[in-house]
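Below is one structure, written out as structure tokens; the observations come after it.
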Amino acid sequence: MATPFDFYAALNDLLDQVPEDQVTTPRQLSLAMGDPIATQAIEDALRREDYEEHIYKVVQSLGSGKAAFSDFVTDEPLNKLAETQRRMAEKVISIDTFYGITKIAGVDAAYYDDRAYCACVVLERDRAMECGTAVVDSSFPYIPGYLAFREAPAVISAARKVSGFDVLLVNGHGVAHPRGCGLATHVGLELDAPTIGVAGRRLVGEGKEDRGDWRLIVHRGRVVGAELPREEGSALYVSVGHLISLETSVEIVRSLMGKLGLPKPIAMAHARALDEKNHPR
DNA sequence: GCGACAG
DNA sequence: ATCTTGTCGC
1083 MATPFDFYAA LNDLLDQVPE DQVTTPRQLS LAMGDPIATQ AIEDALRRED
1133 YEEHIYKVVQ SLGSGKAAFS DFVTDEPLNK LAETQRRMAE KVISIDTFYG
1183 ITKIAGVDAA YYDDRAYCAC VVLERDRAME CGTAVVDSSF PYIPGYLAFR
1233 EAPAVISAAR KVSGFDVLLV NGHGVAHPRG CGLATHVGLE LDAPTIGVAG
1283 RRLVGEGKED RGDWRLIVHR GRVVGAELPR EEGSALYVSV GHLISLETSV
1333 EIVRSLMGKL GLPKPIAMAH ARALDEKNHP R
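In my numbering, each residue carries its 1-based index in the first sequence increased by 1082.
Structure representation (structure tokens):
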């Protein structure tokens, strides 16, 4: 497993490059990082982290006639991470690779700033049998499409603390992702275990063909997941993580949907993660 | 050009 | 995700 990328350190390096008599913008910084979608995350980071030394070099909008400094020397790290995701996406196996399912696990994380409190709950016959937890500090903010680089280390650590499971439900998309490698897929590939992506909001694609109770989500002409209607009116988005088919993924999630809006394993992991965050030992 | 954008 | 007041719906 590669060393987690330190987004905040990279941002600091960019700020160091801004000349004393010039200013830049969060937008220019995001482009230098390799993806403009990180603009918001950078604005937040500059406010929350220790950037007092450089914050005066950043302005939201440019004054009259001024140009933002943009001549950064950079290897565009987010671009590299995106390429990593594209490579990982090629390794996804979206067919069922097991015979029976007895143990179903769910993972979720709760945060205190950049510290993730993660829990993995294993259910057998609808009963919680085991729970693994992990506390992992991250140096990477939430950026749409790059969630795995913030959360996967914690999720993987918690999942490795339980004795075993047949399939793991992950709170986040699987292949229903801009580059086909969301958190659930990232985790499944690293653990080499079956995973299903479960999300409360859509990241890419749109509901197309009706399949009775649910519909297929299509992105760039490819089926990448399923949209299941929920009681409240919103929908639940299910996609293949790794080593499982979409049909089986939907079947499993629906069988665990009871109430609560989330499948039981994830709902329980969510509650447990919150508990760990509020009652750290 | 404007908006969308997992947790 | 997290914080947090008022508010919409069952």
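Using N, Cα and C, we set each Cβ at its ideal position, and we do this for glycine too.
Buried/exposed call for residue i, threshold 16 Cβ in 10 Å
i            : result
residue 1129 : exposed
residue 1220 : buried
residue 1256 : buried
residue 1291 : exposed
residue 1204 : buried
residue 1319 : buried
residue 1108 : buried
residue 1180 : exposed
residue 1333 : exposed
residue 1085 : exposed
residue 1346 : buried
residue 1360 : exposed
residue 1311 : exposed
residue 1199 : buried
residue 1363 : exposed
residue 1143 : exposed
residue 1337 : exposed
residue 1101 : exposed
residue 1358 : buried
residue 1182 : exposed
residue 1091 : exposed
residue 1365 : With the chain covering 1083 to 1363 only, the question about residue 1365 has no answer from this structure.
residue 1261 : buried
Rounded distance between the beta-carbons of residue j and residue i, thought under 8 Å
i            : j            : result
residue 1269 : residue 1238 : 6 Å
residue 1159 : residue 1227 : Their Cβ separation, rounded to whole angstroms, is 14 Å, which puts residue 1159 and residue 1227 out of contact at 8 Å.
residue 1343 : residue 1314 : 6 Å
residue 1110 : residue 1150 : 5 Å
residue 1247 : residue 1163 : Not quite, the Cβ-Cβ distance comes to about 28 Å (not below 8 Å), so this is no contact.
residue 1245 : residue 1212 : 6 Å
residue 1154 : residue 1096 : 6 Å
residue 1355 : residue 1191 : 5 Å
residue 1209 : residue 1222 : Rounded, the Cβ-Cβ distance is 35 Å, inconsistent with contact.
residue 1321 : residue 1306 : 6 Å
residue 1236 : residue 1214 : With a Cβ gap of about 11 Å, residue 1236 and residue 1214 do not count as contacting.
Nearest residue (CA-CA) to residue i, options the options
i            : options                : result
residue 1276 : 1363, 1250, 1090       : 1250
residue 1288 : 1127, 1334, 1258, 1163 : 1258
residue 1286 : 1274, 1304, 1294, 1272 : 1304
residue 1284 : 1271, 1232, 1222, 1301 : 1301
residue 1119 : 1245, 1207, 1224       : 1224
residue 1176 : 1140, 1271, 1103       : 1271
residue 1266 : 1279, 1193, 1174       : 1279
residue 1139 : 1156, 1093, 1281, 1104 : 1104
residue 1195 : 1349, 1131, 1165       : 1131
residue 1297 : 1317, 1281, 1242       : 1317
residue 1253 : 1262, 1202, 1294       : 1202
residue 1282 : 1339, 1218, 1262       : 1339
residue 1274 : 1093, 1174, 1156       : 1174
residue 1178 : 1217, 1262, 1329       : 1329
residue 1264 : 1165, 1124, 1141, 1098 : 1165
For residue i, the residue or residues it bridges with in DSSP
i            : result
residue 1277 : 1250, 1324
residue 1210 : 1205
residue 1185 : 1206
residue 1229 : Note: residue 1229 sits in no beta bridge, so no partner.
residue 1303 : Beta-bridge pairing links residue 1303 to no other residue.
residue 1106 : 1140
residue 1289 : 1299
residue 1309 : 1297, 1319
residue 1199 : 1192, 1217
query = Is the region 1319-1331 in contact with the region 1187-1199, if contact means three or more CB pairs nearer than 8 Å?
reply = Counting Cβ pairs under 8 Å, fewer than three are found: no touch.
At least three beta-carbon pairs within less than 8 Å, the region 1126-1144 to the region 1168-1176 = As far as the Cβ criterion goes, the region 1126-1144 does not touch the region 1168-1176, which means the pair count is below three.
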